[in-house]
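Undergrad: One rule links them: number in my numbering = place in the sequence shown (from 1) + 3.
We put the beta carbon where it would ideally sit given N, CA and C, even for glycine.
These figures come from a predicted structure and were not determined experimentally.
Please find one structure pasted underneath; my questions will follow.
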Amino acid sequence: MYKRAKRNKQSLNLSERGLKTLLSKILIFVGGPVIISYLVVGIIMMNLISAAVTELTTNKLSADSQSAAHEINAYFGKYIDITEQLSYNSQVQALFGELVTGVIIEEHEGLIPIKETMENIQSAYEDTIQAVWVADIDSSQLAQADGAILREDWTVAERDWYIQLSESNHTIMTDPYEDKVTKSQIVSVISPVYKSGSDEIVGAAGVDFSLDALEESIKSYTLGENGFYILTSGSGQVIYHPVSKNINKNVSDTDMSDNIQKAMLFKSEGSLEYSSHGIKSHGYVAAVGNTGWMVATGLPDAEFYQSYITVRTAMLTIFAITAAVIFIMILFVSRLIVTPIKRLTHTANLIAEGKLNVSAQVVSRDETGQMANAINKTVLKLSQYVAYIKEITYNLENMA
Numbered sequence: 004m005y006k007r008a009k010r011n012k013q014s015l016n017l018s019e020r021g022l023k024t025l026l027s028k029i030l031i032f033v034g035g036p037v038i039i040s041y042l043v044v045g046i047i048m049m050n051l052i053s054a055a056v057t058e059l060t061t062n063k064l065s066a067d068s069q070s071a072a073h074e075i076n077a078y079f080g081k082y083i084d085i086t087e088q089l090s091y092n093s094q095v096q097a098l099f100g101e102l103v104t105g106v107i108i109e110e111h112e113g114l115i116p117i118k119e120t121m122e123n124i125q126s127a128y129e130d131t132i133q134a135v136w137v138a139d140i141d142s143s144q145l146a147q148a149d150g151a152i153l154r155e156d157w158t159v160a161e162r163d164w165y166i167q168l169s170e171s172n173h174t175i176m177t178d179p180y181e182d183k184v185t186k187s188q189i190v191s192v193i194s195p196v197y198k199s200g201s202d203e204i205v206g207a208a209g210v211d212f213s214l215d216a217l218e219e220s221i222k223s224y225t226l227g228e229n230g231f232y233i234l235t236s237g238s239g240q241v242i243y244h245p246v247s248k249n250i251n252k253n254v255s256d257t258d259m260s261d262n263i264q265k266a267m268l269f270k271s272e273g274s275l276e277y278s279s280h281g282i283k284s285h286g287y288v289a290a291v292g293n294t295g296w297m298v299a300t301g302l303p304d305a306e307f308y309q310s311y312i313t314v315r316t317a318m319l320t321i322f323a324i325t326a327a328v329i330f331i332m333i334l335f336v337s338r339l340i341v342t343p344i345k346r347l348t349h350t351a352n353l354i355a356e357g358k359l360n361v362s363a364q365v366v367s368r369d370e371t372g373q374m375a376n377a378i379n380k381t382v383l384k385l386s387q388y389v390a391y392i393k394e395i396t397y398n399l400e401n402m403a
């Protein structure tokens, strides 16, 4: 009797372990694929979002760089227009046609209307223009709007701007140089004056203007919270940089990475990742018209990826919450399935021990409810059989 009870108890324990395994199987084989599928979809979506956010941010950097390049080019454009209009002035062309060695420019009556024109130009832009001048090549003389004359000990052929002008044969813009008085950075725009009916250069018209207004304008540009701009001249001289010690240096002498240095020096436009003043950034390099100057944007990596990180954090949070809800729902459904089976198993074990005064207490219309009804019918039949056997036994005892 003791051994049979022990075997029944062991059978019950094995059944309970089996039921626990059933619960684990439901969680693993139902919940597992759901969670894995959700994880795969989440990874794919995050990669797509990462690519989309990166593309949008890169496009914005490109647009900001090109917009800055357009504004800077427009800033230079007005001075280029002034010098070209002055170089096309018929009075200037006539003056240079008459000036020869030995003829003093300030004594020539043709200089009077030209000087008035130059004075009007300088007064119209007195905040930025430092000097307006014309220079004759043959006589090597230069006259400014303020009355200054360069003649003695001044040779036009030795000037750097003249060499550049002769080689290009069109309007040029010099690299910035520091004004000894104001300490401002000055740029000269110089246009050739051609001999009437030919492409022979007989003189030049020039405007010297300060970059102070341009620097203030660039300072006002905003790019996110920590973004910045870099401006270099045609020779690679740094005109504007967020770190003042880099200004007026050649870009190759700064701490900027090689790729941004090469892009600035070789006039390569496009997106790139680079480092400057110890900050790794994403940016875009754009050309400033046909001036040879270059402007670059810079957005620190932390800010460049900020939008993606925000989206990623939101997605991970939603994923974690959804995964928890799915797990709880699967666990709840699994228990709804397993609990009635546990009850039926317990009832079956009691029947196996010979206890027929039990019934399966499962109220359900599904398969577990049908199984409970079948067990209850079995118990009823067994009770009838036991009563019948007892009756036969009683009768046999009486007969004996």
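Beta-carbon within less than 7 Å of residue 182's beta-carbon, same chain only, minus the 5 sequence neighbours each way: which residues are those?
TA: As a working note, residue 182 is residue 179 in the sequence shown. Hits under 7 Å: 133 and 189.
Undergrad: Provide the residue(s) that pair with residue 376 in DSSP beta bridges, ordered along the chain.
TA: What you label residue 376 is simply residue 373 of the sequence shown in a count that begins at 1. Answer by DSSP bridge pairing: none, since residue 376 is not bridged.
Undergrad: If you draw a straight line from the C-alpha of residue 119 to the C-alpha of residue 126, how long is it?
TA: Locating residue 119 in the sequence shown gives position 116, counting from the first residue. Locating residue 126 in the sequence shown gives position 123, counting from the first residue. Distance between the alpha carbons of residue 119 and residue 126 is about 11 Å.
Undergrad: Anyone know if the C-beta pair for residue 138 and residue 109 falls short of 9 Å?
TA: Walking along the sequence shown from the start, residue 138 turns up at place 135. Walking along the sequence shown from the start, residue 109 turns up at place 106. No, Cβ-Cβ distance for residue 138 and residue 109 is not below 9 Å.
Undergrad: For residue 226, name the three-state secondary structure that DSSP assigns.
TA: Against the sequence shown, residue 226 aligns to sequence position 223. If DSSP states are grouped into helix, strand and coil, residue 226 belongs with coil.
Undergrad: From the DSSP output, in three-state form, read off residue 212 for me.
TA: Here residue 212 is taken as the residue at index 209 of the sequence shown, counted from 1. Correct three-state label for residue 212: strand.
Undergrad: Secondary structure at residue 106, three-state DSSP: helix, strand or coil?
TA: The residue labelled residue 106 in the question sits at position 103 within the sequence shown. Correct three-state label for residue 106: coil.
Undergrad: Would you tell me roughly how many angstroms separate the C-alpha atoms of residue 357 and residue 343, rounded to the nearest one?
TA: Working through the sequence shown from its first residue, we reach residue 357 at position 354. Working through the sequence shown from its first residue, we reach residue 343 at position 340. Using only the alpha carbons, I get a separation of about 21 Å.
Undergrad: Please work out which residues of its chain come closer than 7 Å, Cβ to Cβ, to residue 67, disregarding the five sequence neighbours upstream and downstream, and give them in chain order.
TA: For the purposes of this step, residue 67 is identified with residue 64 of the sequence shown, where counting begins at 1. If we look at residue 67 and ignore the five residues flanking it on each side, its Cβ neighbours are 226 and 300.
Undergrad: With burial defined as no fewer than 16 other Cβ atoms inside 10 Å of the residue's Cβ, what is the status of residue 240: buried or exposed?
TA: On the sequence shown, position 237 is the one that residue 240 refers to. With 16 or more Cβ atoms within 10 Å of its Cβ, residue 240 is classed as buried.
Undergrad: What's the gap between the Cα of residue 392 and the Cα of residue 350?
TA: Residue mapping note: residue 392 aligns to position 389 of the sequence shown, counting from 1. Residue mapping note: residue 350 aligns to position 347 of the sequence shown, counting from 1. Going by the C-alpha atoms only, they are around 23 Å apart.
Undergrad: If you count every other CB in all the chains shown that lies within 10 Å of the CB of residue 388, and 16 or more means buried, which is it?
TA: Taking the sequence shown and counting its residues from 1, the one referred to as residue 388 is at position 385. With fewer than 16 other Cβ atoms within 10 Å, it is exposed.
Undergrad: Considering residue 303, what are the terminal residues of the beta strand (DSSP E) in which it resides?
TA: Taking the first residue of the sequence shown as position 1, residue 303 is located at position 300. Run containing residue 303: 297-303, per the beta strand (DSSP E) assignment.
Undergrad: Kindly identify the DSSP beta-bridge partner or partners of residue 153.
TA: Your numbering for residue 153 matches position 150 in the sequence shown. Residue 153 is bridged to 145.
Undergrad: Can you grab the Cα-Cα spacing for the pair residue 63 / residue 245, in whole Å?
TA: If you number the sequence shown from 1, residue 63 lands on position 60. If you number the sequence shown from 1, residue 245 lands on position 242. Going from the Cα of residue 63 to the Cα of residue 245 covers about 20 Å.
Undergrad: What does the alpha-carbon distance come out to for the pair residue 176 and residue 193?
TA: Position 173 of the sequence shown holds residue 176. Position 190 of the sequence shown holds residue 193. Taking the straight line from one Cα to the other gives about 6 Å.
Undergrad: Three-state secondary structure (DSSP) at residue 417?
TA: One cannot answer for residue 417 here, as it falls past the ends of the chain, which runs 4 to 403.
Undergrad: State the Cα-Cα distance for the pair residue 207 and residue 274, rounded to the nearest angstrom.
TA: Working through the sequence shown from its first residue, we reach residue 207 at position 204. Working through the sequence shown from its first residue, we reach residue 274 at position 271. Cα-Cα distance, rounded: 38 Å.
Undergrad: Alpha carbon to alpha carbon, how far is residue 377 from residue 312?
TA: For the purposes of this step, residue 377 is taken as residue 374 along the sequence shown, with counting starting at 1. For the purposes of this step, residue 312 is taken as residue 309 along the sequence shown, with counting starting at 1. Approximately 59 Å, taken between the alpha carbons.
Undergrad: Return the residue from the list 257, 101, 269 and 121 that minimises the CA-CA distance to residue 288.
TA: As a first step, residue 288 must be located in the sequence shown, where it is residue number 285. Nearest C-alpha to residue 288: 269.
Undergrad: Pop quiz: residue 279 and residue 259 are said to be a contact at Cβ under 8 Å. What is the actual Cβ separation, rounded to whole angstroms?
TA: The sequence position of residue 279 within the sequence shown is 276, counting from 1. The sequence position of residue 259 within the sequence shown is 256, counting from 1. Right, the Cβ-Cβ distance comes to about 4 Å (below 8 Å), so this counts as a contact.
Undergrad: On the three-state DSSP scale, how would you describe residue 343?
TA: Within the sequence shown, numbered from 1, the residue matching residue 343 stands at position 340. Residue state, collapsed to three classes: helix.
Undergrad: Any idea if residue 179 is buried or exposed, counting beta-carbon neighbours within 10 angstroms, 16 or more meaning buried?
TA: Against the sequence shown, residue 179 aligns to sequence position 176. With 16 or more other Cβ atoms within 10 Å, it is buried.
Undergrad: From which residue to which residue does the alpha helix (DSSP H) around residue 73 run?
TA: Position 70 of the sequence shown, counting from 1, holds the residue named residue 73. Residues 35-90.
Undergrad: Counting Cβ pairs closer than 8 Å, one from the region 328-347 and one from the region 36-44, do we hit at least three?
TA: Segments in contact, yes.
Undergrad: If we require 3 or more residues per run, which beta strand (DSSP E) segments fall completely within the region 228-257?
TA: Counting whole runs of 3 or more residues, the region 228-257 contains the beta strand (DSSP E) stretches 231-235 and 241-243.
Undergrad: What did DSSP end up calling residue 259 once you bin it into helix, strand or coil?
TA: One-based indexing of the sequence shown puts residue 259 at position 256. Three-state DSSP puts residue 259 in coil, outside helix and strand.
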